[in-house]
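When the letters of the sequence shown are read in order and numbered with UniProt numbering, they come out as residues 1 to 699. Don't be surprised by glycine CBs; every beta carbon is placed ideally from N, CA and C. This structure is a prediction, so every number in the text was calculated from the model and none was measured.
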Amino acid sequence: SDHMENIYGYLMKYTNLVTGWQYRFFVLNNDAGLLEYFVNEQSRHLKPRGTLQLAGAVISPSDEDSHTFTVNAASGEQYKLRATDAKERQHWVSRLQICTQHHTEAIGKNNPPLKSRSFSLASQGSANSPGVQRRPSQNAVSFFNVGHHRLPAGKRVPIMQPDHLVDVREMMSQAEGQQRDLIRSIECLPVSGHLTSLDQDLLMLKATSMATMNCLNDCFHILQLQHASQQKGSLPAGTTISWLEPKISLANHFKNGAAQNFPAEINKPASVTEEQSIAEPCELTREPEEINPDEELEDICDDKEDDLGAVEEQRSVILHLLSQLKLGMDLTRVVLPTFILEKRSLLEMYADFMSHPDLFIAITNGTTPEERMIRFVEYYLTSFHEGRKGAIAKKPYNPIIGETFHCSWRMPKSDVAADAGGNFPAHSPSEQVNLPKDVEGQAELDYYTVKFVAEQVSHHPPVSGFYAECVERKMCVNAHVWTKSKFLGMSIGVTMVGEGILSLLEHGEEYTFSLPCAYARSILTVPWVELGGKVNINCAKTGYSASINFHTKPFYGGKLHRVTGEVKQNATNTVVCRVQGEWNSVLEFTYSNGETKYVDLTKLTVTRKRVRPLEKQGPFESRRLWQHVTESLRDGDIDKATEHKRALEERQRNEERLRAETETPWCTKYFLKDGDGWVYHKPLWKTVSAAQTQQTDTN
Numbered sequence: 001s002d003h004m005e006n007i008y009g010y011l012m013k014y015t016n017l018v019t020g021w022q023y024r025f026f027v028l029n030n031d032a033g034l035l036e037y038f039v040n041e042q043s044r045h046l047k048p049r050g051t052l053q054l055a056g057a058v059i060s061p062s063d064e065d066s067h068t069f070t071v072n073a074a075s076g077e078q079y080k081l082r083a084t085d086a087k088e089r090q091h092w093v094s095r096l097q098i099c100t101q102h103h104t105e106a107i108g109k110n111n112p113p114l115k116s117r118s119f120s121l122a123s124q125g126s127a128n129s130p131g132v133q134r135r136p137s138q139n140a141v142s143f144f145n146v147g148h149h150r151l152p153a154g155k156r157v158p159i160m161q162p163d164h165l166v167d168v169r170e171m172m173s174q175a176e177g178q179q180r181d182l183i184r185s186i187e188c189l190p191v192s193g194h195l196t197s198l199d200q201d202l203l204m205l206k207a208t209s210m211a212t213m214n215c216l217n218d219c220f221h222i223l224q225l226q227h228a229s230q231q232k233g234s235l236p237a238g239t240t241i242s243w244l245e246p247k248i249s250l251a252n253h254f255k256n257g258a259a260q261n262f263p264a265e266i267n268k269p270a271s272v273t274e275e276q277s278i279a280e281p282c283e284l285t286r287e288p289e290e291i292n293p294d295e296e297l298e299d300i301c302d303d304k305e306d307d308l309g310a311v312e313e314q315r316s317v318i319l320h321l322l323s324q325l326k327l328g329m330d331l332t333r334v335v336l337p338t339f340i341l342e343k344r345s346l347l348e349m350y351a352d353f354m355s356h357p358d359l360f361i362a363i364t365n366g367t368t369p370e371e372r373m374i375r376f377v378e379y380y381l382t383s384f385h386e387g388r389k390g391a392i393a394k395k396p397y398n399p400i401i402g403e404t405f406h407c408s409w410r411m412p413k414s415d416v417a418a419d420a421g422g423n424f425p426a427h428s429p430s431e432q433v434n435l436p437k438d439v440e441g442q443a444e445l446d447y448y449t450v451k452f453v454a455e456q457v458s459h460h461p462p463v464s465g466f467y468a469e470c471v472e473r474k475m476c477v478n479a480h481v482w483t484k485s486k487f488l489g490m491s492i493g494v495t496m497v498g499e500g501i502l503s504l505l506e507h508g509e510e511y512t513f514s515l516p517c518a519y520a521r522s523i524l525t526v527p528w529v530e531l532g533g534k535v536n537i538n539c540a541k542t543g544y545s546a547s548i549n550f551h552t553k554p555f556y557g558g559k560l561h562r563v564t565g566e567v568k569q570n571a572t573n574t575v576v577c578r579v580q581g582e583w584n585s586v587l588e589f590t591y592s593n594g595e596t597k598y599v600d601l602t603k604l605t606v607t608r609k610r611v612r613p614l615e616k617q618g619p620f621e622s623r624r625l626w627q628h629v630t631e632s633l634r635d636g637d638i639d640k641a642t643e644h645k646r647a648l649e650e651r652q653r654n655e656e657r658l659r660a661e662t663e664t665p666w667c668t669k670y671f672l673k674d675g676d677g678w679v680y681h682k683p684l685w686k687t688v689s690a691a692q693t694q695q696t697d698t699n
């Protein structure tokens with residue numbers, strides 16, 4: 001090909017967090033199928049500093065910017081490179097892809113087809129391969145015993161006899177057992193020394209054997225479907241088809257260096273006491289608890305997730321994990337490695353979206369429906385920045401069913417914006433409603449209190465409910481979210497299924513809203529978070545709505561974290577406000593009167609939430625529940641964190657199994673099922689409605 005020429009030049013190469021990016025001189029050797037690099041052009045005649053075999057490699061332009069791309073070799077090694085501009089990146093990417101394709105195809109031509117090669121998962125190991133036993137060679141047909149059988153003359157031959165599938169299934173079971181033995185042998189190797197469980201070749205062997213078994217499972221499933229289709233109508237009544245068991249569990253392959261069949265007690269660290277591992281009786285903890293905000297103290301915890309050290313150290317485990325996932329695969333039941341976790345529960349992350357309570361309370365101070373809708377959009381768009389802890393994409397803990405999180409914020413009344421003219425009273429006389437007795441006296445305080453509660457109401461599917469209220473301003477928000485995670489290749493997508501409702505009781509208005517999708521990008525290098533999708537906000541009473549688009553970065557060019565939106569009056573289809581900018585940087589609001597306002601999210605004051613001390617929290621409150629995992633992560637002890645996390649998950653599985661055996665339904669604590677959603681058991685609109693009714697009866 002005309003494009004198969006050797007090219008060379010300077011590129012920036014990412015080394016590590018300490019060294020960062022460095023200029024290196026790269027040479028593409030098309031004849032040998034190698035990508036080599038040197039310190040500089042003058043040292044080109046010396047031995048290369050690094051070499052990648054391109055056969056079987058994947059060349060991927062990065063979605064971080066228009067200059068960066070990665071070369072992922074079949075060995076698991078990766079180069080993260082950056083060109084001077086988009087044109088130069090495209091030149092390198094196209095030449096590398098051509099060379100990769102040429103040498104990958106050459107390998108296929110130079111190797112005999114599968115049917116003429118020996119087929120045994122453990123037959124070709126070298127003398128020093130761990131746990132590998134040589135077996136007589138078998139070809140694929142004899143191994144699976146699905147060749148044509150001679151039958152007596154005169155008998156009608158069905159397309160496929162049922163016993164053939166039984167034979168295949170038996171062979172599949174044997175192969176799966178051999179594959180599990182191979183994985184166990186590799187994982188029992190030490191983590192240091194000449195041959196370790198993290199050896200790149202052994203990791204590749206684990207990944208390819210897993211992929212092979214999954215592929216064979218899929219093929220067998222297709223055979224079963226075809227057989228069922230062919231036999232439909234001729235099967236005796238009551239006959240059922242036995243399907244394959246679920247594919248090999250991913251969770252059992254993430255823990256290098258230890259066999260997985262040990263009793264839980266052996267793997268349990270000394271600090272995980274029996275008291276921590278045994279579930280407390282449901283009936284003792286299911287009664288709703290009234291949290292006194294005066295018991296809560298200002299939070300001093302500040303776990304910014306900017307440390308990538310553990311991720312860099314465990315890169316081989318990430319490679320191993322990714323090699324077992326398929327595009328579009330649901331990650332809900334996949335147990336992820338502990339070192340990618342951030343030090344808080346998902347329930348607490350939802351609370352952190354409320355870190356600007358002044359903007360939240362100011363919504364109800366708008367004097368017109370238009371202003372209130374615009375204020376809600378402003379609050380909504382400023383909530384995501386603080387919801388993320390740092391620039392690194394890490395995953396919060398998956399909440400345990402029944403887990404709860406409580407907190408509150410105190411906001412000085414002088415810090416809450418009134419109407420545009422600054423003369424909107426806190427309560428107009430005509431709207432004044434006597435508050436319930438349990439909150440009497442709060443009106444005299446010089447601050448507003450926003451209370452928050454969240455609960456994990458379902459485990460499969462994973463559904464969280466959360467509720468926040470400001471009694472003094474008679475406003476509350478209720479939401480439920482079902483998180484659905486999918487593997488997208490070099491990124492992970494999380495869809496937030498559910499709905500929230502903001503109630504402004506002073507105005508009798510309800511605002512329905514949804515949440516955008518979230519993406520963890522560049523998960524092999526420096527993972528970062530991106531939001532994407534369209535969100536709608538509607539108020540049926542006033543006829544105002546908002547449409548907000550979170551834009552994912554295009555393949556070439558474009559900005560990161562871009563968001564656009566507009567607020568309109570539905571009856572006249574008039575746009576009253578437009579917004580554009582970045583959801584984690586600066587937002588620009590343009591109003592119908594021509595005025596423009598800029599909001600710099602990095603300079604907004606963050607109000608610290610107030611949380612009860614651990615000793616006053618219940619056993620199922622997030623921070624107390626996960627305290628040992630969090631402490632271990634802070635200390636950098638990943639192994640201990642993993643064991644504490646495993647103990648919690650095992651406890652949850654045991655409880656779920658017990659409920660299934662006794663047919664005992666799960667009882668939630670704070671949220672009640674309402675159609676397809678979940679509603680807080682004691683929402684403010686019920687309290688205010690009861691107070692209004694009582695006041696009317698008194699008059």
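Residue span of the beta strand (DSSP E) that contains residue i, given as start and end
i	result
Ser354	What sits at residue 354 in the sequence shown is Met, not Ser. Met354 -> no beta strand (DSSP E), and no H or E assigned at all.
Gln569	562 to 569
His480	475 to 487
Val406	For the sequence presented, residue 406 should be read as His rather than Val. Its beta strand (DSSP E) spans residues 404 to 412.
Asn538	528 to 539
Trp678	677 to 680
Ala520	517 to 521
Asp674	671 to 674
Cβ neighbour criterion (16 or more within 10 Å) applied to residue i
i	result
Leu445	exposed
Asp358	buried
Tyr680	buried
Pro461	exposed
Asn6	exposed
His561	buried
Gly636	exposed
Val575	exposed
Ser491	buried
Alpha-carbon to alpha-carbon, residue j and residue i
i	j	result
Thr285	Thr572	Model confidence at Thr285 stands at a pLDDT of 46, short of 50, so the residue's coordinates are unreliable and nothing is read from them.
Val416	Ile361	7 Å
Lys682	Lys673	13 Å
Pro158	Ala74	Only weak support exists for where Pro158 lies, its pLDDT of 45 falling under 50; the value from the coordinates is given anyway. Near 43 Å, if we compare the C-alpha coordinates of Ala74 and Pro158.
Lys394	Thr483	15 Å
Leu684	Leu502	11 Å
Glu77	Thr208	16 Å
Tyr79	Ser62	12 Å
Lys640	Leu633	8 Å
Glu64	Phe487	18 Å
Leu347	Phe405	6 Å
Tyr544	Thr368	11 Å
Glu530	Thr495	12 Å
Tyr23	Glu41	11 Å
Phe176	Asp352	Here residue 176 turns out to be Glu, not Phe, going by the sequence shown. Spanning the two alpha carbons is a distance of roughly 45 Å.
Cys188	Cys215	26 Å
Arg95	Leu205	29 Å
Leu341	Met349	13 Å
Glu588	Tyr379	13 Å
Val611	His385	21 Å
Ser137	Ser485	Because the pLDDT at Ser137 is just 38, under 50, the model does not fix this residue reliably, and the value given afterwards should be weighed accordingly. Those two C-alpha atoms are separated by around 42 Å.
Phe466	Leu81	43 Å
Sheet register partners of residue i (DSSP bridge)
i	result
Tyr23	Met12
Gln456	Ser464
Tyr380	None; Tyr380 has no bridge partner.
Met204	Bridge partners of Met204: none, in fact.
Lys597	Phe589
First through last residue of the alpha helix (DSSP H) which encompasses residue i
i	result
Ser632	627 to 634
Thr662	638 to 662
Expected contact under 8 Å - CB spacing of residue i and residue j to nearest Å
i	j	result
Ser547	Gly532	15 Å between Cβ atoms; not a contact.
Glu403	Phe620	5 Å
Glu582	Lys597	Contact flag wrong, Cβ pair sits at about 16 Å.
Trp626	Ser345	6 Å
8 Å Cβ cutoff, residue i in contact with chain C
i	result
Met349	This model lacks chain C altogether, as it is built from one protein chain only.
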